[in-house]
Amino acid sequence: ETEFGAVGDGEADVTAALRSCIAAAAIQGKSVWVPAGNFKITGDIDLPADLKVQGAGMWYTTFVGDDAQYAKASRRVRFNGRGGSIHLSDFAIIGKLNYRNDSEPNDGLGDSFGENSTISRIWIEHTKTGLWINNSSNLVVEGCRLRNTVADGINFCVGMRDSVMQNCTARGTGDDCFAIWPATHVPQVYSPGHNVIRHCTGQLTFLANGAAIYGGESNRIEDCRFTDILSGCGILLSTTFPTSSDRIDNNFSGTTVVRNCELVRCGGFDPWRAWRAAFQLCLDRRSISGVNVRDVDIRDSISDGFSVVASGGEHGQGRLSDAVLENVNIPNFGIAVSGRHGLWIRRDASGSLTICNSKIVEEQNCSQHFAVSRDKPVLTGQLASPPVNLTSSP
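Position one of the sequence shown corresponds to residue 59 (this note's numbering), numbered consecutively onward.
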(Lines of atoms letter the chains of each structure in order from A; the text may use other names.)
(Lines give C-alpha, C1' and ligand atoms only; values in the text may rest on other atoms or scores of the structure.)
Protein backbone atom coordinates (compact mmCIF):
# COMPACT_ATOMS: atom_id res chain seq x y z
CA GLU A 59 0.00 0.00 0.00
CA THR A 60 2.93 2.37 0.63
CA GLU A 61 3.56 2.32 -3.12
CA PHE A 62 0.39 4.42 -3.45
CA GLY A 63 1.56 7.13 -1.08
CA ALA A 64 0.22 5.82 2.22
CA VAL A 65 2.05 6.89 5.36
CA GLY A 66 1.46 4.85 8.50
CA ASP A 67 1.98 7.60 11.07
CA GLY A 68 -1.64 7.79 12.23
CA GLU A 69 -1.88 11.40 11.03
CA ALA A 70 -1.93 11.27 7.24
CA ASP A 71 -5.28 10.31 5.66
CA VAL A 72 -4.63 7.19 3.56
CA THR A 73 -8.24 6.55 2.44
CA ALA A 74 -7.60 7.51 -1.19
CA ALA A 75 -4.34 5.56 -1.29
CA LEU A 76 -5.98 2.40 0.01
CA ARG A 77 -8.83 2.69 -2.46
CA SER A 78 -6.35 3.10 -5.31
CA CYS A 79 -4.32 0.14 -4.11
CA ILE A 80 -7.42 -2.08 -3.95
CA ALA A 81 -8.51 -1.01 -7.43
CA ALA A 82 -5.07 -1.79 -8.85
CA ALA A 83 -4.95 -5.16 -7.10
CA ALA A 84 -8.36 -6.09 -8.50
CA ILE A 85 -7.28 -5.24 -12.05
CA GLN A 86 -3.93 -7.03 -11.78
CA GLY A 87 -5.20 -10.03 -9.82
CA LYS A 88 -2.82 -9.29 -6.94
CA SER A 89 -3.13 -9.06 -3.17
CA VAL A 90 -3.05 -5.92 -1.06
CA TRP A 91 -0.19 -5.91 1.46
CA VAL A 92 -0.39 -3.37 4.30
CA PRO A 93 2.82 -3.12 6.33
CA ALA A 94 3.15 -2.26 10.00
CA GLY A 95 1.89 1.19 10.91
CA ASN A 96 -1.14 3.23 11.91
CA PHE A 97 -3.17 4.14 8.83
CA LYS A 98 -5.89 6.76 9.17
CA ILE A 99 -9.15 5.99 7.31
CA THR A 100 -11.93 8.57 6.89
CA GLY A 101 -14.37 6.90 4.49
CA ASP A 102 -15.79 3.64 3.20
CA ILE A 103 -13.46 1.00 1.81
CA ASP A 104 -15.30 -1.26 -0.63
CA LEU A 105 -13.87 -4.74 -1.13
CA PRO A 106 -14.50 -6.32 -4.55
CA ALA A 107 -14.71 -10.06 -5.15
CA ASP A 108 -11.54 -12.17 -5.35
CA LEU A 109 -9.49 -9.80 -3.21
CA LYS A 110 -6.96 -10.50 -0.46
CA VAL A 111 -5.98 -7.83 2.07
CA GLN A 112 -3.09 -8.92 4.30
CA GLY A 113 -1.62 -6.97 7.19
CA ALA A 114 1.54 -7.54 9.20
CA GLY A 115 -0.46 -8.74 12.24
CA MET A 116 -3.18 -7.37 14.49
CA TRP A 117 -0.51 -5.89 16.78
CA TYR A 118 1.30 -4.16 13.92
CA THR A 119 -1.04 -3.02 11.12
CA THR A 120 -3.81 -0.75 12.37
CA PHE A 121 -6.52 1.20 10.57
CA VAL A 122 -7.55 4.09 12.81
CA GLY A 123 -10.41 6.54 12.72
CA ASP A 124 -10.18 10.32 12.91
CA ASP A 125 -11.43 11.78 16.20
CA ALA A 126 -12.37 15.05 14.56
CA GLN A 127 -14.54 13.42 11.88
CA TYR A 128 -15.92 10.32 13.57
CA ALA A 129 -19.21 11.97 14.51
CA LYS A 130 -20.11 11.80 10.80
CA ALA A 131 -21.26 8.28 9.94
CA SER A 132 -19.81 8.54 6.43
CA ARG A 133 -16.31 9.31 7.74
CA ARG A 134 -15.77 6.22 9.89
CA VAL A 135 -13.61 3.14 9.42
CA ARG A 136 -15.84 0.79 7.47
CA PHE A 137 -14.80 -2.11 5.22
CA ASN A 138 -17.69 -3.28 3.01
CA GLY A 139 -17.77 -6.68 1.35
CA ARG A 140 -18.91 -6.43 -2.27
CA GLY A 141 -18.53 -10.02 -3.50
CA GLY A 142 -17.25 -13.51 -2.81
CA SER A 143 -13.78 -14.96 -2.23
CA ILE A 144 -12.65 -11.98 -0.16
CA HIS A 145 -9.87 -12.77 2.30
CA LEU A 146 -8.96 -10.36 5.10
CA SER A 147 -6.33 -11.07 7.72
CA ASP A 148 -3.88 -9.77 10.29
CA PHE A 149 -4.77 -6.18 11.02
CA ALA A 150 -6.68 -4.08 13.54
CA ILE A 151 -9.50 -1.55 13.22
CA ILE A 152 -9.63 1.09 15.94
CA GLY A 153 -12.69 3.32 15.70
CA LYS A 154 -13.52 6.39 17.72
CA LEU A 155 -17.23 5.86 18.39
CA ASN A 156 -18.51 6.67 21.88
CA TYR A 157 -22.30 6.61 21.44
CA ARG A 158 -24.97 4.36 19.90
CA ASN A 159 -27.45 5.43 17.24
CA ASP A 160 -29.16 2.49 15.52
CA SER A 161 -30.36 4.70 12.66
CA GLU A 162 -26.74 5.18 11.61
CA PRO A 163 -24.90 2.53 9.56
CA ASN A 164 -22.40 0.24 11.24
CA ASP A 165 -18.67 0.72 11.02
CA GLY A 166 -16.10 -2.06 11.33
CA LEU A 167 -16.60 -4.90 8.83
CA GLY A 168 -19.92 -5.33 7.06
CA ASP A 169 -22.17 -6.01 4.10
CA SER A 170 -21.91 -9.16 1.93
CA PHE A 171 -18.95 -11.49 1.51
CA GLY A 172 -20.66 -13.77 -1.02
CA GLU A 173 -19.32 -17.31 -1.13
CA ASN A 174 -16.11 -18.77 0.29
CA SER A 175 -14.65 -15.72 2.02
CA THR A 176 -12.46 -15.65 5.13
CA ILE A 177 -11.91 -13.05 7.85
CA SER A 178 -8.98 -14.03 10.06
CA ARG A 179 -7.11 -12.55 12.99
CA ILE A 180 -8.73 -9.10 12.95
CA TRP A 181 -8.83 -6.95 16.09
CA ILE A 182 -11.74 -4.46 16.21
CA GLU A 183 -12.68 -1.98 18.92
CA HIS A 184 -14.56 1.27 19.51
CA THR A 185 -16.82 0.77 16.51
CA LYS A 186 -20.60 0.39 16.54
CA THR A 187 -20.34 -3.30 15.65
CA GLY A 188 -17.30 -5.44 15.01
CA LEU A 189 -18.65 -7.53 12.14
CA TRP A 190 -22.24 -7.25 10.89
CA ILE A 191 -22.44 -9.54 7.88
CA ASN A 192 -25.28 -10.20 5.41
CA ASN A 193 -25.83 -12.62 2.52
CA SER A 194 -22.76 -14.81 2.76
CA SER A 195 -22.32 -18.56 2.34
CA ASN A 196 -19.43 -20.65 3.61
CA LEU A 197 -17.87 -17.63 5.30
CA VAL A 198 -15.24 -18.40 7.94
CA VAL A 199 -14.56 -15.79 10.64
CA GLU A 200 -11.64 -17.05 12.71
CA GLY A 201 -9.33 -15.81 15.42
CA CYS A 202 -10.84 -12.34 15.68
CA ARG A 203 -10.91 -10.15 18.79
CA LEU A 204 -13.77 -7.75 19.51
CA ARG A 205 -13.33 -5.18 22.24
CA ASN A 206 -15.49 -2.33 23.54
CA THR A 207 -17.93 -2.15 20.65
CA VAL A 208 -21.02 -0.01 21.10
CA ALA A 209 -23.28 -2.82 19.82
CA ASP A 210 -22.68 -6.44 18.72
CA GLY A 211 -19.29 -8.07 18.43
CA ILE A 212 -20.22 -10.35 15.49
CA ASN A 213 -23.69 -10.65 13.98
CA PHE A 214 -24.52 -13.08 11.17
CA CYS A 215 -27.65 -11.32 9.98
CA VAL A 216 -29.64 -11.48 6.71
CA GLY A 217 -29.17 -14.51 4.46
CA MET A 218 -26.28 -16.23 6.26
CA ARG A 219 -25.76 -19.92 5.49
CA ASP A 220 -23.15 -22.61 6.21
CA SER A 221 -20.91 -20.04 7.88
CA VAL A 222 -18.87 -20.15 11.05
CA MET A 223 -17.39 -17.81 13.65
CA GLN A 224 -14.72 -19.72 15.54
CA ASN A 225 -11.84 -19.15 17.95
CA CYS A 226 -13.01 -15.56 18.47
CA THR A 227 -13.13 -13.57 21.71
CA ALA A 228 -15.35 -10.65 22.66
CA ARG A 229 -15.21 -8.42 25.72
CA GLY A 230 -17.02 -5.23 26.64
CA THR A 231 -19.57 -5.33 23.83
CA GLY A 232 -22.63 -3.09 23.98
CA ASP A 233 -24.88 -5.86 22.70
CA ASP A 234 -24.52 -9.59 21.96
CA CYS A 235 -20.94 -10.83 21.78
CA PHE A 236 -21.95 -13.27 19.03
CA ALA A 237 -25.35 -13.41 17.33
CA ILE A 238 -27.17 -15.21 14.53
CA TRP A 239 -30.22 -13.19 13.46
CA PRO A 240 -31.86 -14.22 10.15
CA ALA A 241 -33.61 -10.90 9.60
CA THR A 242 -35.39 -9.85 6.40
CA HIS A 243 -34.97 -6.07 6.35
CA VAL A 244 -32.85 -6.31 3.18
CA PRO A 245 -33.28 -8.84 0.33
CA GLN A 246 -32.19 -12.35 1.27
CA VAL A 247 -29.78 -14.14 -1.08
CA TYR A 248 -29.23 -17.42 0.78
CA SER A 249 -31.71 -19.39 2.87
CA PRO A 250 -30.40 -18.84 6.42
CA GLY A 251 -29.22 -21.77 8.47
CA HIS A 252 -26.51 -24.28 9.43
CA ASN A 253 -24.34 -21.54 10.89
CA VAL A 254 -22.04 -22.20 13.86
CA ILE A 255 -20.60 -20.26 16.79
CA ARG A 256 -17.76 -22.47 18.02
CA HIS A 257 -14.71 -22.27 20.29
CA CYS A 258 -15.60 -18.67 21.18
CA THR A 259 -15.40 -16.83 24.48
CA GLY A 260 -17.23 -13.73 25.66
CA GLN A 261 -17.38 -11.69 28.83
CA LEU A 262 -18.44 -8.43 30.42
CA THR A 263 -21.11 -7.19 28.05
CA PHE A 264 -22.67 -3.91 29.09
CA LEU A 265 -25.90 -4.91 27.31
CA ALA A 266 -27.36 -8.19 26.06
CA ASN A 267 -25.87 -11.67 25.86
CA GLY A 268 -22.82 -13.83 25.29
CA ALA A 269 -24.21 -15.81 22.34
CA ALA A 270 -27.69 -15.56 20.88
CA ILE A 271 -29.65 -17.27 18.11
CA TYR A 272 -32.85 -15.58 16.96
CA GLY A 273 -34.06 -18.08 14.37
CA GLY A 274 -33.03 -19.94 11.23
CA GLU A 275 -32.50 -23.59 10.37
CA SER A 276 -30.30 -25.88 12.46
CA ASN A 277 -27.84 -23.33 13.79
CA ARG A 278 -25.39 -24.32 16.53
CA ILE A 279 -23.39 -23.00 19.47
CA GLU A 280 -20.66 -25.39 20.54
CA ASP A 281 -17.50 -25.55 22.65
CA CYS A 282 -17.90 -21.99 23.94
CA ARG A 283 -17.32 -20.31 27.30
CA PHE A 284 -19.11 -17.20 28.56
CA THR A 285 -18.28 -15.53 31.85
CA ASP A 286 -19.48 -12.48 33.77
CA ILE A 287 -22.40 -11.61 31.51
CA LEU A 288 -23.98 -9.13 33.91
CA SER A 289 -26.62 -7.69 31.55
CA GLY A 290 -28.26 -10.79 30.09
CA CYS A 291 -27.81 -14.45 29.27
CA GLY A 292 -24.68 -16.40 28.65
CA ILE A 293 -26.69 -18.12 25.89
CA LEU A 294 -30.08 -17.02 24.56
CA LEU A 295 -32.39 -18.70 22.05
CA SER A 296 -35.14 -16.21 21.32
CA THR A 297 -37.87 -15.19 18.91
CA THR A 298 -37.82 -11.58 20.09
CA PHE A 299 -36.53 -10.02 16.89
CA PRO A 300 -38.41 -10.18 13.55
CA THR A 301 -37.36 -12.94 11.16
CA SER A 302 -40.21 -12.94 8.64
CA SER A 303 -41.73 -10.89 5.86
CA ASP A 304 -44.70 -11.37 3.53
CA ARG A 305 -43.03 -14.25 1.65
CA ILE A 306 -40.26 -15.43 4.00
CA ASP A 307 -40.39 -17.03 7.43
CA ASN A 308 -37.00 -17.63 9.06
CA ASN A 309 -38.24 -18.74 12.45
CA PHE A 310 -36.45 -21.64 14.16
CA SER A 311 -36.55 -24.88 12.15
CA GLY A 312 -34.64 -28.13 12.01
CA THR A 313 -32.72 -28.72 15.26
CA THR A 314 -30.96 -25.90 17.06
CA VAL A 315 -28.03 -27.38 19.00
CA VAL A 316 -26.06 -26.04 21.96
CA ARG A 317 -23.34 -28.40 23.20
CA ASN A 318 -20.15 -28.50 25.22
CA CYS A 319 -20.51 -25.00 26.64
CA GLU A 320 -19.66 -23.43 29.99
CA LEU A 321 -21.56 -20.49 31.52
CA VAL A 322 -20.03 -18.90 34.61
CA ARG A 323 -21.56 -15.89 36.43
CA CYS A 324 -24.10 -15.22 33.71
CA GLY A 325 -27.79 -14.34 33.92
CA GLY A 326 -27.76 -10.66 34.77
CA PHE A 327 -30.27 -7.82 34.70
CA ASP A 328 -31.60 -6.72 31.31
CA PRO A 329 -33.14 -3.23 31.56
CA TRP A 330 -35.88 -4.24 29.11
CA ARG A 331 -36.48 -7.85 30.24
CA ALA A 332 -35.53 -7.75 33.93
CA TRP A 333 -33.55 -10.76 35.21
CA ARG A 334 -32.36 -13.11 32.50
CA ALA A 335 -31.28 -16.68 33.19
CA ALA A 336 -27.73 -17.76 32.40
CA PHE A 337 -29.35 -19.86 29.65
CA GLN A 338 -32.79 -18.82 28.43
CA LEU A 339 -35.33 -19.98 25.88
CA CYS A 340 -37.47 -16.94 25.11
CA LEU A 341 -40.64 -17.66 23.11
CA ASP A 342 -41.64 -14.11 22.39
CA ARG A 343 -45.01 -14.43 20.60
CA ARG A 344 -43.62 -17.21 18.40
CA SER A 345 -42.96 -20.93 18.93
CA ILE A 346 -39.68 -22.83 18.92
CA SER A 347 -39.48 -26.48 17.91
CA GLY A 348 -36.38 -28.66 17.87
CA VAL A 349 -33.83 -27.72 20.56
CA ASN A 350 -31.04 -29.99 21.76
CA VAL A 351 -28.93 -28.71 24.68
CA ARG A 352 -26.30 -31.12 25.93
CA ASP A 353 -23.09 -31.18 27.94
CA VAL A 354 -23.59 -27.68 29.31
CA ASP A 355 -22.22 -26.52 32.69
CA ILE A 356 -24.02 -23.55 34.27
CA ARG A 357 -22.31 -22.34 37.45
CA ASP A 358 -22.64 -19.39 39.82
CA SER A 359 -25.52 -17.87 37.88
CA ILE A 360 -26.27 -14.33 38.93
CA SER A 361 -30.03 -15.07 38.86
CA ASP A 362 -31.65 -18.19 37.34
CA GLY A 363 -29.64 -21.01 35.88
CA PHE A 364 -31.96 -22.03 33.01
CA SER A 365 -35.38 -20.58 32.18
CA VAL A 366 -38.20 -20.88 29.67
CA VAL A 367 -40.28 -17.73 29.25
CA ALA A 368 -42.98 -16.80 26.75
CA SER A 369 -43.88 -13.16 26.41
CA GLY A 370 -47.35 -13.15 24.89
CA GLY A 371 -47.95 -16.68 26.15
CA GLU A 372 -51.10 -15.61 27.95
CA HIS A 373 -52.62 -15.05 24.54
CA GLY A 374 -51.66 -18.52 23.30
CA GLN A 375 -48.53 -17.36 21.50
CA GLY A 376 -45.23 -19.18 21.78
CA ARG A 377 -44.88 -22.89 22.44
CA LEU A 378 -41.79 -25.01 23.02
CA SER A 379 -41.70 -28.52 21.54
CA ASP A 380 -39.14 -31.25 20.78
CA ALA A 381 -36.74 -29.75 23.31
CA VAL A 382 -34.17 -31.82 25.21
CA LEU A 383 -31.67 -31.02 27.95
CA GLU A 384 -29.07 -33.78 28.27
CA ASN A 385 -26.16 -33.83 30.69
CA VAL A 386 -26.81 -30.28 31.86
CA ASN A 387 -25.19 -29.39 35.18
CA ILE A 388 -26.60 -26.58 37.35
CA PRO A 389 -25.08 -26.98 40.85
CA ASN A 390 -26.10 -23.55 42.18
CA PHE A 391 -27.79 -20.29 41.19
CA GLY A 392 -28.79 -16.82 42.37
CA ILE A 393 -25.46 -15.61 43.72
CA ALA A 394 -26.55 -11.95 43.43
CA VAL A 395 -30.34 -12.02 43.89
CA SER A 396 -32.69 -14.12 45.99
CA GLY A 397 -35.87 -15.87 44.91
CA ARG A 398 -34.48 -17.27 41.66
CA HIS A 399 -34.31 -20.88 40.46
CA GLY A 400 -31.99 -23.50 39.02
CA LEU A 401 -34.52 -24.37 36.33
CA TRP A 402 -37.49 -22.01 36.01
CA ILE A 403 -40.52 -22.42 33.77
CA ARG A 404 -42.33 -19.10 33.92
CA ARG A 405 -46.13 -19.16 34.19
CA ASP A 406 -46.62 -17.81 30.65
CA ALA A 407 -44.70 -20.70 29.00
CA SER A 408 -46.44 -23.55 27.20
CA GLY A 409 -45.16 -26.78 25.67
CA SER A 410 -42.75 -29.35 26.99
CA LEU A 411 -39.14 -30.08 27.87
CA THR A 412 -37.40 -33.43 28.32
CA ILE A 413 -34.46 -33.69 30.73
CA CYS A 414 -31.93 -36.54 30.56
CA ASN A 415 -28.96 -37.39 32.81
CA SER A 416 -28.79 -33.88 34.22
CA LYS A 417 -27.91 -32.55 37.67
CA ILE A 418 -30.04 -29.50 38.42
CA VAL A 419 -30.01 -28.37 42.03
CA GLU A 420 -33.57 -26.95 42.02
CA GLU A 421 -36.53 -26.68 39.65
CA GLN A 422 -39.70 -24.61 39.59
CA ASN A 423 -42.46 -25.09 36.99
CA CYS A 424 -44.93 -22.24 37.40
CA SER A 425 -46.96 -22.96 34.26
CA GLN A 426 -50.10 -25.06 34.05
CA HIS A 427 -49.48 -25.49 30.33
CA PHE A 428 -45.92 -26.79 30.41
CA ALA A 429 -44.68 -30.33 31.04
CA VAL A 430 -41.20 -31.26 32.25
CA SER A 431 -40.38 -34.95 31.84
CA ARG A 432 -37.44 -37.30 32.27
CA ASP A 433 -36.42 -39.67 29.52
CA LYS A 434 -33.62 -41.88 28.28
CA PRO A 435 -30.57 -40.15 26.81
CA VAL A 436 -30.74 -38.99 23.21
CA LEU A 437 -28.03 -40.50 21.03
CA THR A 438 -25.60 -37.78 20.03
CA GLY A 439 -25.69 -38.58 16.33
CA GLN A 440 -29.46 -38.36 16.05
CA LEU A 441 -29.82 -34.65 16.66
CA ALA A 442 -26.45 -33.34 15.56
CA SER A 443 -26.34 -31.24 12.42
CA PRO A 444 -23.75 -32.09 9.77
CA PRO A 445 -20.46 -30.20 10.09
CA VAL A 446 -19.99 -26.96 8.22
CA ASN A 447 -18.01 -27.40 5.03
CA LEU A 448 -15.17 -24.92 5.30
CA THR A 449 -13.62 -25.64 1.92
CA SER A 450 -16.37 -25.53 -0.67
CA SER A 451 -19.90 -24.34 -1.28
CA PRO A 452 -22.75 -26.73 -0.40
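Glycine included, C-beta positions come from ideal geometry on N, C-alpha and C. Quantities reported herein were computed from a predicted structural model and do not represent experimental measurements.
Selection from the options that minimises the alpha carbon distance to residue i
i	options	result
Y272	L265, N390, L288, P240	P240
A407	V430, I393, D328	V430
R1	V247, V386, C424, N277	With the chain covering 59 to 452 only, the question about residue 1 has no answer from this structure.
T285	R278, S347, R357	R357
V351	R398, L288, I279, N225	I279
P389	F364, V395, G397, A368	F364
L155	I182, A394, R305, A129	A129
N318	A64, I293, D124, E69	I293
N174	G139, L204, G153, R203	G139
P245	M218, F236, L262	M218
H184	G230, A237, D160, A269	G230
A269	A332, V247, V315, G141	V315
G290	T297, R334, R323	R334
T176	G141, R205, K417, S416	G141
S296	R331, V322, R305	R331
Residue i - containing beta strand (DSSP E), residue span
i	result
Q35	Residue 35 cannot be examined here, being either before or after the span of the chain that is shown, 59 to 452.
Q112	110-113
S347	346-357
H257	No beta strand (DSSP E) holds H257; DSSP gives it neither H nor E.
V247	From DSSP, V247 is part of no beta strand (DSSP E); its letter is neither H nor E.
Beta-carbon contacts of residue i that lie in its chain and below 6 Å, excluding the five residues immediately before and after
i	result
T73	I99, T100, G101
R377	S345, S408, G409
S507	Residue coverage of the chain in this structure runs from 59 to 452, which leaves residue 507 outside it and unanswerable.
A368	L341, G376, D406, A407
F121	F97, I99, V135, I151
S276	G251, H252, G312, T313, S443
V395	S361
Cut-off 8 Å between Cβ atoms - residues of its own chain near residue i, not counting five sequence neighbours on either side
i	result
E162	A131, K186
T301	W239, P240, A241, T242, Y272, G273, G274, D307, N308, N309
R158	K186, V208, A209, G232
S303	T242
Cβ separation of residue i and residue j, assumed to be a contact under 8 Å, to the nearest whole Å
i	j	result
H252	D220	5 Å
N196	D169	The Cβ separation is near 17 Å, so there is no contact.
V354	F327	At roughly 22 Å, the Cβ-Cβ gap does not stay under 8 Å, so V354 and F327 are not in contact.
G166	I144	The Cβ separation is near 15 Å, so there is no contact.
Other residues of its chain near residue i: CB distance less than 7 Å, five sequence neighbours each side excluded
i	result
Y118	A94
A75	E59, F62, G63, A64
> Three or more beta-carbon pairs under 8 Å between the stretch 83-91 and the stretch 103-110, yes or no?
Replying inline: Because the criterion of three Cβ pairs below 8 Å is met, the stretch 83-91 and the stretch 103-110 touch.
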